[in-house]
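Below: one structure, written as C-alpha cells.
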Amino acid sequence: MKNIFQNKNIVIGITGGIACYKVLDLIKKLRKLKANVQVIMTKHATKFVDVKVFEKASNNPVQTDLFDPNINYKDYIKKNKPIKHISLADIADLFLICPATANIIGKVANGIADDLLSTSIMATNASVLICPAMNVKMWKNPITQQNIKKLRNLKYEFIDPEYGELACGYKGVGRLANLNKIIDRIKIIIERRNNLEGKKILVTAGATSEEIDPVRIITNKSSGKMGVYIAEQAFLRGADVTLIRGINAVEPQYHFKDIKIHSVRDLFDAIKKNIKNKDVMIHAAAVSDFTINNKSNNKIKSNETLYLELTPTTKIFERIKKIKKNILLIGFKAEYNVSKKILVDRAYELLKDANADFVVANDVGKEGRGFDTETNEVFVVDKNKKVKHLKLADKRIIGNKILDEIKQTKN
Ligand SMILES: Cc1cc2nc3c(=O)[nH]c(=O)nc-3n(C[C@H](O)[C@H](O)[C@H](O)COP(=O)(O)O)c2cc1C
C-alpha cells in the first residue's frame, strides 16, 4: 500500500510551552513514516529544549531566526537567493504548530509576523494544523477562544487540547492532544486534496425529533458526527457547504451555512428551500420514520397510561430526485447486526427507491461503527451494485473517501 507520508515535507513550528518535549516523539514517529521534517523553533521554545536535540531528531537544521546575521541582505536580495521564511512556507505539504502557545495563536489570528515562525505561517499556502497546549485559564480565556474561532473560520485546523493534570499544577483542559491523534489528523490532511472548489454541497446530519407535547420528544441516537464531519471536510476541500442538522448534532468547527431543525417536516422544508442551486446532496441525517398523530398542545399529565399514535413520515430521500433531477444524491442506510449481504441488499433497495447515486451502508450494531462513535466502517454501494468497502477508520477519513467518490462521478 502507498505510504502517503513518504517524502512529504512537514514543517513543524515549535513554540514556548512545556509540551515542547513531547514533539521529539512526534518527530520520531513522522520520520519512521518516512516524512521529511523541518523544524522552526521560537526563541522561547529554545528555553525548553536545545536546538541540537531537534536537529538530531529531524535530521535537518533547525531554524530559529528570521534574519541570518552573516548575510548582507542588500546584496543577497539582488541575487534572487532563497529567503528562509518563504522557502519554508513553500516547501511545506503541511504546516504543523505543535505545541502552540496562546501567544502564537494570537499572533496568527491577528496577522502578526514578527519572527521566523509567524512570518512563515503567514506566507504559506499549505494547510496549517495547530495543536494548542497551555494552562487551563489561558485556554479558556475568551481572547484565546475568539482567536481560535477566527482562525477556524479561515480554515486553520485545530486539535483541541485534552483534560488532565497540567505541568503548571492545575487540572483541566490544556494538555497537548495525544500524539497518535495528531498523526491521524496529519494523515487526513495530507490525503485530502482541495479539489471540491466550485461544488455546492448540501449535507444533512443528526437526528430529527417529533414532539409528543411541548416538552417531550421522540428521537433517535444519531450524534450527527458523520454528517457534520463530511460537511467540515467538504468545506476544507473548497466546497460551498450548507449543513442542515438536528439539534442534537455536534457543533461544526468551521463557518459555513448551518441550519438547525427539529422535526422531519422542518428538515424537508429546509431541504426544499436550500436544494435549488446545489450540485450534490449528502443525506446523513437520521430521519424519524414516524411522527405523532395525537400530539398534545399542552404538557401531558404523567399519572395515566399514554398511547401514542404513530404515522409514517415522508420518505424525504425518495423525494429528492423528484425535486431536483440532476443532483448527485448520496444517502445512508443504517442496519443493526445483519450480514454484509443483507446490509448491501438493503442499501441497494434504498438506492433504487430514491434513484440515488450512492448509498453508504453501515451496521450500527457493531462496536466502533455508527451512532456516537468517532469511527465508522461502511460499504459504499453504487448504481451498478458495485460495493466499495471502507474499513474501520476515523469518520473524517471515511467522509473524505465518500467525497473522493463524489469527485470522481460526473453530474
Ligand atoms: C515555564 C513556562 C512554561 C510555559 N508554558 C506555556 C504553555 O504551555 N503554553 C503557553 O501558551 N504558554 C506557555 N508559557 C508562556 C509562553 O512561553 C509565552 O507566552 C511566550 O511569549 C510564548 O512565546 P512563543 O509563542 O513565541 O514561543 C510558558 C512560560 C514559562 C516560563
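Just so it is clear: in the sequence shown, position 407 is 407 by the working numbering, and no numbers are missing.
Yeah, the Cβ is synthetic: ideal placement off N, Cα and C, and Gly gets one too.
This structure is a prediction, so every number in the text was calculated from the model and none was measured.
Report task. Return the first residue and the last residue of the alpha helix (DSSP H) that Met281 is part of. Result -> DSSP places Met281 outside any alpha helix (DSSP H); the residue lies instead in the beta strand (DSSP E), whose first and last residues are 280-283.
Query - beta-carbon Thr42 near ligand 1 non-hydrogen atom, thresh 8 angstroms - result: At least one heavy atom of ligand 1 is found less than 8 angstroms from the C-beta of Thr42.
Query - Inter-stretch contact at 8 angstroms, needing at least 3 Cβ pairs: the stretch 262-273 / the stretch 204-218 - result: Using a C-beta cut-off of 8 angstroms, the stretch 262-273 makes contact with the stretch 204-218, since at least three inter-stretch Cβ pairs fall below that distance.
Query raised in the report: Do you know how far the Cα of Val136 is from the Cα of Ile259?
Result: Using only the alpha carbons, I get a separation of about 32 angstroms.
Query raised in the report: Could you give the residue range of the beta strand (DSSP E) that holds Ser339?
Result: Per DSSP, Ser339 lies in no beta strand (DSSP E) segment and is marked neither H nor E.
Query - Chain-order list of residues whose beta-carbon lies under 7 angstroms from that of Asn277 (same chain, five-residue window excluded) - result: Cβ neighbours of Asn277 beyond the five flanking positions: Lys200.
Query raised in the report: By DSSP, does Thr375 sit in helix, in strand, or in coil?
Result: In the three-state reduction of the DSSP assignment, Thr375 falls in the strand class.
Requested in this report: Could you check which residue in Ile183, His389, Ser288, Gly238 has the C-alpha nearest to that of Val23?
Outcome: Residue Ile183 holds the alpha-carbon nearest to the alpha-carbon of Val23 among Ile183, His389, Ser288, Gly238.
Query raised in the report: Run through DSSP, which three-state label would Ala167 get?
Result: It is coil, neither helix nor strand.
Report task. Check whether the stretch 196-213 touches the stretch 108-115, counting contact only when three or more Cβ pairs, one atom from each stretch, lie closer than 8 angstroms. Result -> The stretch 196-213, when compared against the stretch 108-115, does not touch it at the 8 angstroms Cβ threshold.
Query raised in the report: Quick one: complete alpha helix (DSSP H) runs, 4+ long, within the stretch 206-250?
Result: Within the stretch 206-250, complete alpha helix (DSSP H) segments of at least 4 residues are found at 225-236, given in chain order.
Query - Residue range of the unbroken beta strand (DSSP E) whose run includes Met41 - result: Element bounds for Met41: 36-41.
Query - Cβ contact check for the stretch 62-75 and the stretch 93-109: 3 or more pairs under 8 angstroms - result: In short, these stretches do not touch, since the Cβ pair count stays below three.
Query raised in the report: Taking the beta strand (DSSP E) that Asp363 falls in, what are its first and last residues?
Result: Its beta strand (DSSP E) spans residues 358-363.
Query raised in the report: Helix, strand or coil for Asn9 per DSSP?
Result: Correct three-state label for Asn9: strand.
Query raised in the report: Terminal residues of the continuous beta strand (DSSP E) containing His44?
Result: Boundaries for His44: no beta strand (DSSP E) harbours it, and the DSSP string shows neither H nor E there.
Query raised in the report: Given a threshold of 16 other Cβ atoms within 10 Å of its Cβ, counted over all protein chains shown, does Ile186 qualify as buried or as exposed?
Result: Under this definition Ile186 is a buried residue.
Query raised in the report: Pro142 lies in the alpha helix (DSSP H); which residues open and close that run?
Result: Its alpha helix (DSSP H) spans residues 142-153.
**Report entry** Near ligand 1: Ala133 beta-carbon under 8 angstroms from a heavy atom
**Finding:** Because some heavy atom of ligand 1 lies under 8 angstroms away, the Cβ of Ala133 counts as near it: yes.
Query - Short Cβ contact (9 angstroms threshold) for Ile40 with Ile188 - result: When the beta-carbon positions are compared, Ile40 and Ile188 stay at least 9 angstroms from each other.
Query raised in the report: Can the beta-carbon of Val381 be found closer than 9 angstroms to that of Val359?
Result: Contact flag set, yes.
**Report entry** Lys225 vs Val250 beta-carbon contact at 9 angstroms
**Finding:** Lys225 is a Cβ neighbour of Val250, given a cutoff of 9 angstroms.
Query raised in the report: If you compare alpha carbons, which of Ile244, Asn274, Lys8 is closest to Ala286?
Result: Distance from the Cα of Ala286 is smallest, within the candidate group Ile244, Asn274, Lys8, for Ile244.
Query raised in the report: Since Ile14 contacts Leu94 with CB under 8 angstroms, what's their CB separation in whole angstroms?
Result: Contact between Ile14 and Leu94 does not hold, since their C-beta atoms are separated by about 15 angstroms, which reaches or exceeds 8 angstroms.
Query raised in the report: Out of curiosity, what's the CA-to-CA distance linking Phe290 and Asn376?
Result: Going from the Cα of Phe290 to the Cα of Asn376 covers about 26 angstroms.
Query raised in the report: Would you say Asp50 touches ligand 1, meaning its beta carbon is less than 8 angstroms from a heavy atom?
Result: Every heavy atom of ligand 1 is 8 angstroms or more from the Cβ of Asp50, so no.
Query raised in the report: Candidates Ile316, Gly16, Leu88: which alpha carbon is nearest Ser120's?
Result: It is Leu88.
Requested in this report: Kindly examine ligand 1 and report whether one of its heavy atoms sits closer than 8 angstroms to the Cβ of Met138.
Outcome: At least one heavy atom of ligand 1 falls within 8 angstroms of the beta-carbon of Met138.
Query raised in the report: Where do the N-terminal and C-terminal ends of the beta strand (DSSP E) with Leu176 fall, by residue?
Result: Where Leu176 is concerned, there is no enclosing beta strand (DSSP E), given that its DSSP letter is neither H nor E.
Query raised in the report: Going by DSSP, which residues form a beta bridge with Lys260?
Result: Its beta-bridge partners are Arg245.
Query - Proximity below 9 angstroms, CB of Arg175 to CB of Ala133 - result: Yes; because the gap between Cβ atoms is below 9 angstroms, this pair is in contact.
Requested in this report: Quick one: give me the first and last residue of the beta strand (DSSP E) that Ser127 is part of.
Outcome: Here the beta strand (DSSP E) through Ser127 covers 127-132.
Report task. Given a cut-off of 9 angstroms, decide if Ser222 and Phe371 are closer than it, judged by their beta-carbon atoms. Result -> Between Phe371 and Ser222, the C-beta spacing is below 9 angstroms.
Query raised in the report: Which one of Leu33, Ile212, Phe54, Val11 has the shortest CA to CA distance from Ala302?
Result: It should be noted that the sequence gives Ser, not Ala, for residue 302. That would be Ile212, whose Cα lies nearest to the Cα of Ser302.
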